[in-house]
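Below is one structure, written out as structure tokens; comments come after it.
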Amino acid sequence: MSLPVIAPEEAKRLLEQGAVLVDIREPDEHVREKIPGARLMPLSKLDEADLALHDGTPVIFHCRSGARTKGNAARLAGKASSACDAYIVEGGLEAWKKAGLPVVADRRQPLELQRQVQIGAGSLALFGTLLGLLLSPLFFIVPGFVGAGLMVAGITGFCGLARVLAKAPWNRAVYGRPDAARTA
7 MSLPVIAPEE AKRLLEQGAV LVDIREPDEH VREKIPGARL MPLSKLDEAD LALHDGTPVI
67 FHCRSGARTK GNAARLAGKA SSACDAYIVE GGLEAWKKAG LPVVADRRQP LELQRQVQIG
127 AGSLALFGTL LGLLLSPLFF IVPGFVGAGL MVAGITGFCG LARVLAKAPW NRAVYGRPDA
187 ARTA
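According to my numbering, the sequence shown is numbered sequentially starting from 7.
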């Protein structure tokens, strides 16, 4: 089953009429930037989540770009009651911002863990390669190790770097909570 896609402006109009907005991103993404009034229902915990909607209350799902909501439309439709209309915001939070609609941003919160992993792995690979070229070929072990770690993460879903970064001091406020998402 597919959900209808609506423009951010249409979503805003429905919200003003009592619709419920559901953010399916992970908690680390939601805490950094969100649409005011959006409920958090992470995709990773979708099966155990309860929308607790009143029959007839429209529900609107969004993510960052719209890709996650579109890719999981059938699962999301299953979470919405058959007695209510459900929609996806076209382009997600990014389109919402481009339309000039309100967003609450807290830049004091750490970057999303996935972005931290990308920055860390990319930095290790770049500096390992530079050191291998400039100082000693032994440093080429570093980008090889990073590549192997990324392959393991992709195959198994376990990312050691994400586990380490989640324990970093700047991430403790988000990942130290019992309800925080463990995306690693």
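Even glycine gets a Cβ: it sits at the ideal position worked out from N, Cα and C. Everything numeric in this text was worked out from a predicted model, so none of it was measured.
- [ ] Report buried or exposed for Ile147, applying the criterion of at least 16 other Cβ atoms within 10 angstroms of its Cβ.
- [x] Here residue 147 corresponds to residue number 141 of the sequence shown, with the count starting at 1. With fewer than 16 Cβ atoms within 10 Å of its Cβ, Ile147 is classed as exposed.
Open item on the list: Distance check for Phe67 and Ala79, CA to CA, integer angstroms please.
Closed with: Position 73 of the sequence shown, counted from the start, is the residue given in the question as residue 79. Position 61 of the sequence shown, counted from the start, is the residue given in the question as residue 67. Ala79 and Phe67: Cα-Cα distance of roughly 9 Å.
TODO: Tell me where the beta strand (DSSP E) around Val28 begins and ends.
DONE: Locating residue 28 in the sequence shown gives position 22, where the first residue counts as 1. Unbroken beta strand (DSSP E) run through Val28: 26-29.
Open item on the list: Taking the alpha helix (DSSP H) that Val37 belongs to, which residues open and close that run?
Closed with: Here residue 37 refers to the residue found at position 31 when the sequence shown is read from its first residue. 33-38 is the extent of the alpha helix (DSSP H) around Val37.
Task: Range covered by the beta strand (DSSP E) that runs through Phe67 - done: Along the sequence shown, one-based indexing puts residue 67 at 61. Phe67 -> beta strand (DSSP E) spans 65-68.
Open item on the list: Assuming the contact rule is C-beta atoms closer than 8 Å, Asp91 and Pro64 should be a hit. Round their C-beta distance to whole Å, please.
Closed with: By one-based count along the sequence shown, residue 91 stands at place 85. By one-based count along the sequence shown, residue 64 stands at place 58. At roughly 4 Å, the Cβ-Cβ gap stays under 8 Å, so Asp91 and Pro64 are in contact.
TODO: List the whole-angstrom C-beta distance separating Val180 from Gln115, where the pair is believed to meet the contact cut-off of C-beta under 8 Å.
DONE: Here residue 180 refers to the residue found at position 174 of the sequence shown. Here residue 115 refers to the residue found at position 109 of the sequence shown. The pair is a contact, with the Cβ atoms about 7 Å apart (cut-off 8 Å).
TODO: Out of Met47, Leu156, Ala86, state which residue places its alpha-carbon closest to the alpha-carbon of Glu32.
DONE: Locating residue 32 in the sequence shown gives position 26, counting from the first residue. Among Met47, Leu156, Ala86, the Cα nearest to that of Glu32 belongs to Met47.
Task: Length of the line joining the Cα atoms of Gly150 and Ala131 - done: Taking the first residue of the sequence shown as 1, we reach residue 150 at position 144. Taking the first residue of the sequence shown as 1, we reach residue 131 at position 125. As the crow flies, the alpha-carbon of Gly150 is around 8 Å from that of Ala131.
- [ ] Could you check what DSSP says for Leu107 in three-state terms: helix, strand or coil?
- [x] Taking the first residue of the sequence shown as position 1, residue 107 is located at position 101. In the three-state scheme derived from DSSP, where H, G and I count as helix and E and B as strand, Leu107 is classed as coil.
- [ ] On the DSSP bridge assignment, give the partners of Leu46 in chain order.
- [x] Locating residue 46 in the sequence shown gives position 40, where the first residue counts as 1. Answer by DSSP bridge pairing, in chain order: Asp29.
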